[in-house]
Each structure stands twice: as structure tokens, then as C-alpha cells.
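According to numbering that gives the first Met the number 0, the sequence shown holds residues 0 to 130 in order.
Every residue gets a Cβ at the ideal spot worked out from N, C-alpha and C, and that includes glycine.
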Amino acid sequence: MNTSQAPHERVAKIHGAYTAFIAAAIISIISGDGHIKSEDWAICLWSLSLPWLVSFLLLDYVVREKQQRPKSVTRGLMALFGYGFSNLGTSALLSHYSWLAAIAYLVFIPICAFYLHEVSALGHHESFKEL
């Protein structure tokens with residue numbers, strides 16, 4: 000395994016596990032008794048996210064490994080729609096239990112993404128070693 004393939008495989012496993020989690024969540028809600036009133040929205044949004052997430056996984060390999068490009072607008076849009084719809088579906092399911100939790104969930108996603116980006120981007124600079 001070469002060094003460029005190892006990070007791709009690690010990221011692909013994470014995205015694949017998330018996609019499998021969304022698929023399992025859909026199956027578990029469909030096979031449930033239907034007592035949650037917002038589960039229709041969750042199923043709808045999660046179902047919309049699955050093709051985007053799977054497409055992202057397939058295109059990620061082609062763009063990063065075969066074409067040796069670190070970035071792709073199409074790949075970014077697929078990730079945006081896939082993760083966006085799945086997070087909205089999760090928030091729809093949370094809204095059955097608590098509107099506050101559903102809103103907090105949606106607010107904390109960009110905050111966590113911002114901190115992850117900052118630590119990842121700036122953490123290797125000497126002046127930001129304490130991040």
C-alpha cells in the first residue's frame with residue numbers, strides 16, 4: 000500500500016460506514032411500527048441522500064486515485080447534497096423528540112466543520128501547534 004492510497008482508503012471507509020449507517024437507519028425505521036410522526040420526512044430525506052453518498056464514494060476513488068486530482072467540484076457537490084439531506088433527515092427524526100435538539104443539531108454541524116477545518120488546516124503550522 001503506497002502512502003497516497005492509505006489516506007484515501009481511510010476516508011473511503013469513513014464515508015462508506017456513514018452511508019451504511021444511513022441505509023441501516025432507513026431499514027430500521029421502515030421495519031418499525033410507525034409511531035414516530037416525523038419518520039416520513041426522515042425516510043424521504045435519507046432516501047434522497049443515499050444516491051448522492053454512493054455517487055460520492057464511487058467518484059472519490061476515480062478523482063483522487065485514478066485522475067490524481069485532490070479536488071473536484073462535482074465530488075464536492077455530491078458530498079454536500081448527500082450529507083446535507085442525511086443531516087436534515089436526522090434532524091427531522093430528532094424533531095419528534097425535541098425541537099431544540101433538532102435545531103441545535105443543525106447549528107452545531109457547521110460549527111464542528113469549521114473547527115475541524117481550522118485544526119486540520121492550521122495544525123501543521125509551527126505557530127499553531129497548540130490547536
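DSSP places residue 39 in the uninterrupted alpha helix (DSSP H) bounded by 38-60. Take residue 80, set aside five residues on each side of it, and the residues of its chain with a beta-carbon closer than 6 Å to its own are 51, in chain order. DSSP, read as helix, strand or coil, puts residue 15 in helix.
DSSP, reduced to helix, strand and coil, places residue 29 within a helical segment of the structure shown. Under the 10 Å beta carbon count, residue 45 is surrounded by 16 or more other beta carbons and is classified as buried.
Taking the C-beta atoms as reference points, residue 49 is found nearer than 8 Å to residue 22. Under the three-state reduction of DSSP output, residue 70 falls in the coil class, being neither helix nor strand. The C-beta distance from residue 38 to residue 28 rounds to 5 Å, short enough to meet the 8 Å contact threshold.
The C-beta distance from residue 11 to residue 59 rounds to 6 Å, short enough to meet the 8 Å contact threshold. For residue 74, the closest C-alpha among the options 57, 113, 112, 65 is that of 57.
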